[in-house]
Structure formats: structure tokens, C-alpha cells
């Protein structure tokens, strides 16, 4: 018996899509993608924000996002079975926001994964039975302002040691393991050397598929050993007025056809979302063909370690002014000015950069710095 898992990228019920979510308008949200969702054995998606009854924004860097609890109706209408909550926005409205999100998802019959009342709760693998196949889903997120601790609620951190312990402890509870990894650099369509190494390690340690989300742009994929890795799906339903760019409005669904023997075939369905109109819809045939060709091209390139490293270094060089300005505490306007004038080139001496490099490179120094910033910021 074949099981089809359908994975959708970032969902944030804002903008023109919010009313469609609140009213549970499946046709308006999915358009001609609706039959694909209907045919799937299991639908998994990343919910990029808490569902809230009132505002309670936390102090953080970046925007706080929250959507009305009524928007759960759209998730239910779309047929979402499992909602991934391990992301950088799920704690934007604190413990109250997460608690409300977990409650309304549960009441709607949607299983949450990747966030909870504490780190142990957030790290749980969700299992579901489809025919004779038991599927496990684990969600992790890179560390921003949403991470759970031993005593505080939040998202499950992306920690390789904890990942191995969790998978080994629960390996007898599932036959196929899907991992949602919320991480990577926004608007960068390739994996960094570290991210590629991490995802491959997860496959080596028992994952059957690792789907990276968060980049807000279509990325690339590879088949590694027995598993599949996707480095960025793009947004699924995320209508942000300030981001009317091609990469923001394009993405692809990931389909996994799983056999009882734990083998799987992956397939990809491109779409446009929140582009000219609300909701998502399939691309026209020629547009879809072009999209898939570009996806294949990028995916072939990342099989070359030299390409991954060289492209990453070039990307980082393009971000030099932004990051060095941020380290000095500059606000947006000053950072923009620095991109034009490069004045941080004169603010950092060679010795200063060497010292800074040691602080952020050495694991012990970085741990001290992280603790200071966490406790006193």
C-alpha cells in the first residue's frame, strides 16, 4: 500500500488571505491545488505564526506576527493534519499565544508538532498510522526568540545531539521519519555548507526526509543515501505587501510516496501564492516547466561541495556591510547608509576583526556571549 505525504511550506494567515482562512474557504485558499490536498494520505504544513485571541507581543528583533484564532478554520478546510510550530515566530505573542494556538489546533483536530510547554514537550515525535505504515514527524528550529527551555514554553531547538538521542529513543515507534527543519538564510536558494552537512547527518541518523523551511524562496533538493532533503520550499500562503517579489510568491509542494519498505519517491508541485489575487494556484504549464528546470539546475549544482562553499562565501561577502553594521547596534537607516558608504571598513581595525572572529568562532567564547546577551539584553 502506498502512502502519500504532502508537505506545504510557510503558512501565515495575513493580508488578503486572512478572511479566506477565517471563513474556511478551501476553494479560495487552494484553487486548483485542492485536489492534490484531497488526494494526500497526510498533509503537513508549517504554521508560521501563533493563533491568538489578543495581542501580547514579546520583545524581539524583527516583526511580531499573530493571527486571529478563527483562522484555524482555513487550516482545517485545507485538510492539514499536522501543523509544524517549530519556527522563529511561534512565540511572537509569548506563552499565552502558544497556549491558545495549541488549544485551537487541538479543538480543530489538527496535531501540533515542534512546540510545547517546555523543551521535553516540544521535542516529541508525533506519530500517525496510515494503513500499515507508521509515520513519525519531528520539527526543529534554529535558535532565535522562540526556543523552549527546560522550564519555559517554545519551539524545539535544532540541536544535533538532542536529535540523535530523540531518534534513537523512539526509533521503534515509527517506520518513516519526516523532519521539518526551520532554518537557513532567508532569500538564499542554496544550503550553506553547515546546513547541508546537518541535513545529511539527519538522514544518516534515521530521518527519511528532511524538509527545510524559512528561506521564503524556492531552493533545491537532493537524494542522499536512503532519504530526501529539500533546502527551501518557499512560502505557501503568506501575503506580505512589502514582499511582492518573484521569490516570495513562488514555491513548491513536496510530495513523498512512501512504500511499506520505507522507500519513497519525491515529487514537486510548483505554485504561485498571493500573487495578483489571494490564495495559491498552480502555475501555467510552461511556467511550471521552467520552474522545475530551474529547480533541477540548482539541485545539480549543490552536489559539488566546491560550488556550495564558493557560492556561500560570495553570498556572505555581499552581506559584510549589513552584518558588521548590525554588530555595532546600528538601526535600519544607519545600516542602509553603511551599505552605500561602507563606513564600517574604518570602524573595525584588522586586530578588532581578528578578536571578534575568535569570540564568535570559539565554542566556549560564543557560549559566554550568548549567555550574556540572553540574560542582559
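Residue numbers (my numbering): 4 to 380. C-beta atoms are modelled at their ideal positions from N, C-alpha and C, and glycine is treated no differently.
Where do the N-terminal and C-terminal ends of the beta strand (DSSP E) with residue i fall, by residue?
i	result
residue 162	Neither: residue 162 is in no beta strand (DSSP E) and is coded neither H nor E.
residue 225	221-227
residue 138	136-144
residue 337	Residue 337 -> not in any beta strand (DSSP E); alpha helix (DSSP H) instead, spanning 335-344.
residue 231	230-236
residue 85	85-87
residue 50	45-50
residue 72	Careful: residue 72 lies outside any beta strand (DSSP E) and carries neither H nor E.
With 16 as the cutoff for other CB atoms within 10 Å, does residue i come out buried or exposed?
i	result
residue 159	buried
residue 169	buried
residue 29	buried
residue 296	exposed
residue 79	buried
residue 270	exposed
residue 152	exposed
residue 358	exposed
residue 252	buried
residue 149	buried
residue 287	exposed
residue 349	exposed
residue 125	buried
residue 161	buried
residue 273	buried
residue 41	exposed
residue 67	buried
Nearest to residue i by CA position, among the options, is which residue?
i	options	result
residue 193	155, 304, 366	304
residue 75	15, 183, 308	15
residue 236	255, 225, 243	255
residue 240	49, 43, 186, 351	49
residue 190	217, 213, 208	217
residue 11	109, 268, 148, 82	82
residue 232	184, 220, 313	184
residue 197	308, 330, 359, 149	308
residue 128	106, 172, 156	172
residue 265	284, 282, 228	228
residue 9	155, 268, 331, 225	268
residue 242	263, 261, 219	219
residue 195	238, 165, 311	311
residue 157	293, 144, 40	144
residue 222	332, 35, 261, 298	298
residue 166	320, 4, 206, 340	206
residue 187	362, 374, 37, 315	315
residue 69	41, 31, 102	102
residue 381	174, 380, 333	Within the shown structure, residues of the chain are numbered from 4 to 380, placing residue 381 beyond reach of any answer.
residue 376	250, 25, 147, 335	147
residue 104	6, 72, 77, 131	72
residue 2	330, 337, 370	Only positions 4 to 380 of the chain appear in the structure, and residue 2 is not among them; the question remains open.
residue 59	332, 319, 98, 333	98
residue 37	112, 283, 131, 57	283
residue 45	319, 363, 260	260
What are the boundary residues of the alpha helix (DSSP H) that residue i is part of?
i	result
residue 294	288-304
residue 11	Unbroken run through residue 11 is the beta strand (DSSP E), 6-15; no alpha helix (DSSP H).
residue 278	Segment: none, residue 278 is in no alpha helix (DSSP H) and carries neither H nor E.
residue 202	196-207
residue 193	Neither: residue 193 is in no alpha helix (DSSP H) and is coded neither H nor E.
residue 374	366-379
residue 329	323-330
residue 211	Unbroken run through residue 211: none, as it is neither H nor E.
residue 39	37-42
residue 21	20-25
residue 31	29-33
Residues bridged to residue i by DSSP?
i	result
residue 353	Paired residues: none, contrary to the question.
residue 179	138
residue 157	119
residue 284	275
residue 255	273
residue 131	138
residue 110	According to DSSP, which records beta bridges pairwise, residue 110 is partnered with nothing at all.
residue 215	184, 234
residue 240	14
residue 54	70
residue 267	261
residue 150	158
>> If contact is defined by three or more beta carbon pairs under 8 Å, each pair taking one atom from either stretch, is the stretch 193-207 in contact with the stretch 324-344?
In response: The stretch 324-344 is not in contact with the stretch 193-207.
> Three or more C-beta pairs closer than 8 Å, one from the stretch 107-122 and one from the stretch 77-93: is that the case here?
Replying inline: Touching, yes.
> Does the stretch 137-145 come close enough to the stretch 175-195 to have 3 or more Cβ pairs within less than 8 Å?
Replying inline: Yes: at least three Cβ pairs fall under 8 Å.
> Would the stretch 53-69 and the stretch 92-112 be scored as touching if the rule is three or more Cβ pairs under 8 Å?
Replying inline: The stretch 53-69, when compared against the stretch 92-112, does touch it at the 8 Å Cβ threshold.
>> If contact is defined by three or more beta carbon pairs under 8 Å, each pair taking one atom from either stretch, is the stretch 17-29 in contact with the stretch 262-281?
In response: These segments touch.
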